[in-house]
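Participant: Numbering (numbering that gives the first Met the number 0), first residue to last: 0 to 189. C-beta atoms are modelled at their ideal positions from N, C-alpha and C, and glycine is treated no differently.
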Amino acid sequence: MNLIRVALDVPLSTLFDYKVNDAMQLAIGQRVVVPFGRKEVVGIAMEWVEQSDLEMARIKTIVRVLDDVPPLPAETLALLRFCSDYYHYPIGMTALAALPTRLRDIEPIVLKQSLVYNLSEAGSALDVETLPKRRVVQQRILLALLQAPMSSTQLRELSASAPAALKLLIEAGWVETCTPKASDTHVFND
């Protein structure tokens with residue numbers, strides 16, 4: 000078993016030693032769930048160590064690695080250490096305060112699946128000019144989707160009433176939804 004020092008959001012100016020199972024894939028800067036007292040908390044893996052000042056029997060094991068987002072880069076960890084030293088503030092509280100609130104939760108982040116809209120076969124065959132003149136927003140959406148598939152955010156830029164018009168177009172079978180490729184999604188997208 001290996002040992003790693005973890006920064007925890009507690010008012011103590013120290014890192015805490017934890018055992019790492021050989022099966023765990025862990026990198027410095029990654030978020031981990033560790034036992035602390037009677038509860039489990041999120042911490043940040045800060046550094047590998049060969050041995051601890053504590054007895055091995057007293058050192059607890061990391062519960063799990065939260066690998067839903069990439070680890071913090073070494074430059075960010077160095078900045079957090081500098082801030083902790085400069086302001087005489089505990090490293091764990093500094094490091095975890097720098098994370099967005101959702102990244103401080105024990106539960107892994109579940110990304111919202113964004114949808115992309117494109118024309119169905121019936122929508123591609125449809126002549127937009129045959130729609131009634133009062134359906135201006137629907138016409139705009141259909142013309143835009145003729146060019147390329149679009150997200151709901153992009154369609155909302157066409158008109159504030161785009162969601163209602165889009166719903167009617169989907170019900171009519173002229174527009175369909177699809178999920179974007181994995182390479183098109185990003186962790187911090189809405």
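Straight-line CA distance for residue 49 to residue 2?
Facilitator: Those two C-alpha atoms are separated by around 6 Å.
Participant: Strictly by DSSP, which residues pair up with residue 64?
Facilitator: Partner(s): 31.
Participant: Flag this pair as yes or no: are the beta carbons of residue 118 and residue 144 separated by less than 9 Å?
Facilitator: Cβ distance < 9 Å, so residue 118 and residue 144 count as in contact.
Participant: In terms of residue numbering, what span does the alpha helix (DSSP H) encompassing residue 140 cover?
Facilitator: Segment 135-146, the alpha helix (DSSP H) holding residue 140.
Participant: On the criterion of 16 or more Cβ atoms from any shown chain inside 10 Å, does residue 189 qualify as buried, or is it exposed?
Facilitator: With a pLDDT of 41 at residue 189, under the threshold of 50, the predicted position of this residue should be treated as unreliable, and no value is reported.
Participant: Could you have a look at residue 86 and say whether DSSP puts it in helix, strand or coil?
Facilitator: DSSP places residue 86 in coil when its eight states are reduced to three.
Participant: Given residue 142, which residues of its chain have a CB within under 8 Å of its CB, disregarding the five upstream and five downstream residues?
Facilitator: Within the same chain, residue 142 has close Cβ partners 127.
Participant: On the three-state DSSP scale, how would you describe residue 97?
Facilitator: If DSSP states are grouped into helix, strand and coil, residue 97 belongs with coil.
Participant: Does the region 91-99 come into contact with the region 53-60, if we say contact requires no fewer than three beta-carbon pairs (one atom in each stretch) closer than 8 Å?
Facilitator: These segments do not touch.
Participant: Distance check for residue 156 and residue 125, CA to CA, integer angstroms please.
Facilitator: Their Cα atoms are separated by approximately 23 Å.
Participant: What does the alpha-carbon distance come out to for the pair residue 72 and residue 44?
Facilitator: Their Cα atoms are separated by approximately 12 Å.
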